[in-house]
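So my numbering is basically just the index in the sequence shown, starting at one, shifted up by 186.
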Amino acid sequence: MESQNYLSHNYQNKTMTNTPLILGDFQIYWINGGHFRLDGGTMFGAVPKVLWSRKCEADADNTLPFTNDVLLVRTPKHNIIIDTGLGNKLTEKQLSIFQVTSPWSVYSDLTELGLSRQDIDFVLLTHCDFDHAGGIVMHDTEGNEELTFPGAVHCLQKAEWEDVENPCHRAQSTYWPDNFNFLKEEGTIEIIEGDLEVVPGVTLRHTGGHTRGHQLVEMHSKGKTAVHLGDLFPTHFHTNPLWIMAYDNFPLEVIDRKEEYFRHYQQLDSWFTFYHDPLVKACKLDHQGSMNTIWPTGPNHQSL
Ligand SMILES: [Zn+2]
């Protein structure tokens, strides 16, 4: 299946869907962690514009629209959030720099699904860049900080936490202290080294690549598998293992990991779920690594 130019698809800039992807006994929802526009060049690294512009057309400023889709995974016993979106703490200046086109609405989206923030048991952080960790701590109506998911255990890799506490020069612009300080004081953090099955069927695996402590989330129920590769596979436009982002700290590692995981999870007929993709929320790959099934397949996406 060819990727299409998504500006020709009447892109609705919408994340929220009340229809979950069913995975055995699990339900996976995509909820709105904020939408923004990013420079097309940074999203495709060393890939020349003449190639990526065939799939997605940039505006006059060379930017493209992307989502920050928070995944809600409901198992028979637990409610799990994967990454937390941009949050509601961005200043006017930051909203303008990152061209935020749709504000973070995790709170109200959960309400629409009949859940409250207190109902979330685990927050699994693929990594701690601001676009994934911005919703850990939120502002209440008076502007005071509070934990977005006060009853949740926040799970992240040891290497990621070390880098949050002592960021290198480059990471200082993307690991924002106000996303973590309150968590350190008031929250519950579980530091993981390597792999861990958090609840039956939901497993974290250290990947590295995008950041030193980046991790994936594997979901498995009744013989069905889905994998969330975070920023190793941010959109379906990145299906070619060599198409990687300029934001990756260890690019060769990203390429190796993508090849390895694509092979492994394709053999399991796994869904690959996306965080930054404005159109496709999940896909399957064929044995040559091309996308052959997409989700959702509803009216808004039939033309894909
Ligand atoms: Zn990201």
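Where a beta carbon is used, it is the ideal one built from N, C-alpha and C, also for glycine. In this text, all values refer to a predicted model and were calculated from it rather than measured experimentally.
Is the distance from the Cβ of G380 to the Cβ of H392 below 9 Å? A contact, by the Cβ cut-off of 9 Å.
Best match in L465, H450 and H473 for proximity to Y242 [C-alpha to C-alpha]: Looking at the sequence provided, one finds Cys at residue 242 rather than Tyr. With distances taken between Cα atoms, C242 lies closest to L465.
Hey, is P386 close to ligand 1, as in C-beta under 8 Å from one of its heavy atoms? The answer is no for P386.
Count the other CB atoms within 10 Å of the CB of L237; is the residue buried (16 or more) or exposed (fewer)? L237 is exposed by the Cβ-count criterion.
Residues of its chain near V339, where Cβ-Cβ distance is below 6 Å and the 5 sequence neighbours each way are ignored: Excluding positions up to five away in sequence, the list reads F308, T374 and E376.
Give the range of the beta strand (DSSP E) segment to which K470 is assigned. A468 to L471 is the span of the beta strand (DSSP E), which, as asked, contains K470.
Excluding the 5 residues preceding and the 5 following P262 in the sequence, name in chain order all residues of the same chain whose CB lies nearer than 7 Å to its CB. Within the same chain, P262 has close Cβ partners D211.
Does DSSP put W362 in a helix, a strand or coil? Coil.
If you run the structure through DSSP and keep just helix, strand and coil, what is M431? Note: M431 maps to coil in three-state DSSP.
Assigned exposure category for Q401 - 16 Cβ within 10 Å defines buried: Counting Cβ neighbours within 10 Å, Q401 comes out buried, since at least 16 surround it.
Measure the CB-CB distance between L209 and S407 and report whether it falls below 9 Å. Yes, these two residues count as a Cβ contact at 9 Å.
Are there 16 or more other CB atoms within 10 angstroms of the CB of I306, so buried, or fewer, so exposed? By the Cβ neighbour-count rule, I306 is buried, with 16 or more other Cβ atoms within 10 Å of its own.
Does at least one heavy atom of ligand 1 sit under 8 Å from the Cβ of N254? Remark: the C-beta of N254 is in contact range of ligand 1, defined as less than 8 Å to any heavy atom.
Do Y461 and ligand 1 come close, with the Cβ less than 8 Å from some heavy atom? The answer is yes for Y461.
Among the candidates N204, L207 and V233, whose CA atom is the shortest distance from the CA of A432? Answer by Cα proximity: V233.
Assign S189 to one of three DSSP states: helix, strand, or coil. Note on S189: pLDDT 42, under 50, position unreliable in the model; no value is reported.
Hey, how far is the Cα of G231 from the Cα of I430? When rounded, the separation of the alpha-carbon atoms in G231 and I430 is 6 Å.
Could one say the Cβ of E278 lies closer than 9 Å to chain B's Cβ atoms, at least one of them? Of the protein chains in this structure there is only one, and it is not chain B.
In the DSSP assignment, find the beta strand (DSSP E) that holds W216 and state where it starts and stops. Secondary structure note for W216: its beta strand (DSSP E) is the uninterrupted segment F212 to D225.
For the beta strand (DSSP E) containing D255, name the first residue and the last one. Looking at the DSSP string, the run of the beta strand (DSSP E) that includes D255 is T249 to R260.
Chain-order list of residues whose beta-carbon lies under 7 Å from that of P253 (same chain, five-residue window excluded): The question names Pro, but residue 253 in the sequence shown is Thr. Within the same chain, T201, H221, H462, D463 and P464 come within 7 Å of T253 by CB-CB distance, once the 5 residues on both sides are set aside.
Let me have the residue list for ligand 1: C-beta closer than 5 Å to any non-hydrogen atom, ordered along the chain. In chain order, the qualifying residues are D317 and D417.
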